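I have placed the structure first, in the form of structure tokens, so that the comments after it can refer back to it.
Residue numbers (full-length UniProt numbering): 1 to 1103.
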């Protein structure tokens, strides 16, 4: 990374033999440890050296190690043009002399630049034809859809891999597997217009070839095989004697490579009359002809296996199934040759440099044939025109260039450059995430999104699918620490990476299915095997014998896998592939033909159109449950020719309005795509539609979807042919997913009349565009005074990434939006607190002066607080501050802690005294009969959440979280802990965020209690407005005695539970109706009382 110095553990790698390119012809030889050093680039200089009577140029790289000592690396010959910058981390394979000097040239040494940037081995291998495509494919999806060739290739791979794993190549087994695999691939066949019968026939036709290959090469007797680049007339002989792993995923930070090997195999090789047992990567190819990229990929896999298994892997195997030269297909041995390895590593370094320098791309290749057939050509030309100021002439393929991007004008290119830069800035927050995978556990702080020293419970391992590809298992904390997992940032549905603690190796990927206080359930792509284990007969020169699938007892012998004695780390993987999808949304918006209308609306800001005489009918019975604002919103949405926007203030029934819009659209024969940023928002709408007789399909991962919605999820096992699946998909009136869930096969075929996005103000523009691409019209619903899009990079925020499409369009076209003002959630005093802060008293109470808005404490008239008071030295004999604070007649109370010794902890956003006051207050309400589920505690800081969670252990129904987690939620009681209390009167930015403060105070229905140091938090102008408003309401309570926090006895959790059980009534709070009371009476009376309904009826009669 240019100009930046990254934190990294710089060291010589101890106790490990390293594979190094040497002067002799051996491709990889065992060398002492000092040939592999991890160093940082300090300075780069040009110099000259004298060799064979000629003065030649060289680059001298000044390096610095972890002891701050300088080393000098001289790059010569092919290495001189290595892409390298100051601040880069490098792995140096070579000999350093006494002067700390090392030479890397065409005869010795290797250099890996930025080894923490893991480049796909396949991408590097393919990049010799076009490196630009390889880099772009890591940045955008390229509107990727399965082609028939890819579907067939995937099925042939799976068939051979399944036979290898089960050691069964009989015809009966293979035919049964073919039927199973094709049935499980119905979605792929649907997206490529393939028919399952034809695919089954084609796969079965290949069975004799696969059987002939297995008869020849699977077993104990070596057979002759062709060797790549061999000039010898004598062919090598070998056979595959054992399967070590299938789809082995290796991340090598030694070589900066990653990839999945089709099969890792043990091979018996006959060399010079000696029989050796070696390990090799085995790659399956379904193309007819050999390719240099296939050989390169195999060489890379040899390097990766060398690193992973810690042995010299000097050759790999390629199998061309469809080659017609032999009845077995063509099998080739691919050796690792020094000059090929050198060029491959140099190419890998170039790609690593471009991957790090996100705003740069390799040059266009100007090849008419390749560019014309490239699935990334539109992305490539867009980048060339927008970022590189390119033209048709400079592209080298002018006709194609003009055809694809000639419609783009200056403002389109400015739009792309702006958002491409913003996405890159945000992506930089995660770019070097792989570094943590290789750190020692002791160096990882508890604040990192990492669970350390976890062990896997073998009995919990269950296979959710065929083979080893969907595994559910349970990880338990090694050390006893209550709520260790609860206190972390992990949530159900989070993507995670599993690595072994000892070897620092990534062993599996997946997502969280369930969380408890000390264990976590995850669904993984494979059983998390540890570092490869050697067999007893292992010998470094001639017998590379490892435990493989046969010794594991069909993948169930977890002792031999090393699972039972392995400790693991679990990392939160926030990057996954989301950024590629986000960039693809941006590219598609600007270049796809299907998005031309959307482009005019979003980029060109064409005013939206509305048809006041549309022919869609409305059910007056449905309209009876809505207020005037909601009816206006429904009408505006149905009249929209392009889009409409609904701004719903807190508690105003946004979801209810969306439900009525969906019902009206479906009744008029329209198809709807429903999306939101969060799964909970999507499911909240669907839950209200369960009984509405609408044909719903919910896309997504089951673990992330609420159980009530599971019956509407896609179960691919129900379909045995493509036609049934096609009919099922095309019959769905409503399809729902998250904004990032649009990479499903369905979207390659289906288009919708409408797209509705809930919580639209929480979604950045390029993410929002994703689902909009698949609809003719769209509705955005949200409130730009509530939570903004989640953007972490400060510069990206300052440059506008935090501004949603919702807000952008409202500012441009005020006629396109309507407001929902009548709220039915909060007591009027809570509502007015939000009004004074945000809405300028435009939010109205749907049920004014309703006594049911007050909190009900069942034991209020009993002496339930006596158990909090001490028998002696009772400071509450005259007046109890606790009773005054929780008094139901005061819906809004703020407790000032200035007179207490309640400063925040130094270096932590944590306040112990304030947490104690919150504990007393909440437990007092629980003892009084308020149910735990009706109480929420909000605090802006994670350390305070951890502290409060400890205080409420055992009361698991009390929800404690940040503002963000409470968005869209509500509780009868909300208690807010502001935490900040210091002599400098400094507050964090989060207390200056009006949107988060607004969300926090509007989650409460009948009681809002705020704890804080007024002198400190008043430094925030927003908080000061809140304080002034509460002062005017005379509900600001000042704790004047510094001993106040210690006046009360806090009952134990088990006593609290018994109190609840013995209570004659659990809290029967009359929950506020979400909507006004139904309007009853004849249609004539209904129309008479409602001008909007009368207008609708007139429109209906006229049509």
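All C-beta atoms in this analysis are idealised placements derived from N, C-alpha and C, irrespective of residue type, glycine included. All values reported here derive from a predicted model rather than from experimental measurement.
| Asked | Found |
| --- | --- |
| Proximity winner among 936, 414, 515 and 772, relative to residue 477 (alpha-carbon distances) | 515 |
| Neighbourhood of residue 220 by C-beta, 8 Å cutoff - its chain only, sequence neighbours within 5 removed | 239, 241 and 268 |
| Through-space distance from residue 848 to residue 1010, alpha-carbon basis | 24 Å |
| Spatial distance of residue 937 from residue 630 (CA atoms) | 31 Å |
| Segments assigned alpha helix (DSSP H), at least 4 residues, entirely inside the segment 744-818 | 765-772, 794-798 and 805-812 |
| Exposed unless 16 or more other CB atoms sit within 10 angstroms - verdict on residue 205 | exposed |
| DSSP-derived helix/strand/coil call for residue 308 | helix |
| Whole-angstrom C-beta distance between residue 42 and residue 63, which should lie under 8 Å | 6 Å |
| Residue 984 (DSSP reduced to helix, strand or coil) | coil |
| Where residue 195 falls, given that 16 or more other Cβ within 10 Å makes a residue buried | exposed |
| Helix, strand or coil at residue 80 according to DSSP, with G and I counted as helix | helix |
| Proximal residues to residue 397 (C-beta, below 6 Å), its chain only, five neighbours per side dropped | 368 and 371 |
| Neighbourhood of residue 185 by C-beta, 6 Å cutoff - its chain only, sequence neighbours within 5 removed | none |
| Residues of its chain near residue 666, where Cβ-Cβ distance is below 7 Å and the 5 sequence neighbours each way are ignored | 672, 694, 733 and 734 |
| Per DSSP, the bridge partner or partners of residue 419 | In DSSP, residue 419 forms no bridge with anything. |
| Supposed close pair residue 904, residue 910 - CB separation, criterion 8 Å | 6 Å |
| Where residue 621 sits in the DSSP three-state scheme | helix |
| Any beta strand (DSSP E) of 3 or more consecutive residues that is wholly inside the segment 200-280 | 237-252 and 257-271 |
| Beta-carbon gap between residue 105 and residue 428 smaller than 8 Å | no |
| Cα-Cα separation, residue 1048 to residue 884 | 14 Å |
| Cut-off 7 Å between Cβ atoms - residues of its own chain near residue 771, not counting five sequence neighbours on either side | 673, 675, 739, 742, 755 and 757 |
| Supposed contact pair residue 523 and residue 580 - C-beta distance, whole angstroms, cut 8 Å | In fact, because the Cβ distance is near 22 Å, the residues do not count as touching under 8 Å. |
| Same chain, Cβ closer than 8 Å to residue 655, five either side skipped, listed in chain order | 684, 685, 688 and 758 |
| Collapsed DSSP secondary structure at residue 21 in the structure displayed | Note that residue 21 has pLDDT 32, beneath the 50 cutoff, so the model's placement of it is unreliable and no number is given. |
| Backbone CA spacing between residue 163 and residue 213 [nearest angstrom] | 12 Å |
| Cβ separation of residue 123 and residue 138, assumed to be a contact under 8 Å, to the nearest whole Å | 7 Å |
| Rounded straight-line distance, which links the Cα of residue 507 to that of residue 72 | 36 Å |
| Rounded straight-line distance, which links the Cα of residue 595 to that of residue 784 | 26 Å |
| Check: residue 116 C-beta below 7 Å from any heavy atom of the ligand MN | As presented, the structure is devoid of all ligands, the ligand MN included, so that no description of it is given. |
| Residue 578 (DSSP reduced to helix, strand or coil) | helix |
| Rounded straight-line distance, which links the Cα of residue 228 to that of residue 334 | 5 Å |
| Unbroken stretches of the alpha helix (DSSP H), 4 residues or longer, contained in the segment 600-673 | 620-623, 628-639 and 654-667 |
| Start and end residues, beta strand (DSSP E) containing residue 509 | 506-515 |
| Proximity to residue 548 [Cα-Cα], best of 565, 339, 278 and 135 | 278 |
| Three-state secondary structure (DSSP) of residue 338 | helix |
| Any 3 or more C-beta pairs closer than 8 Å across the segment 973-985 and the segment 931-948 | yes |
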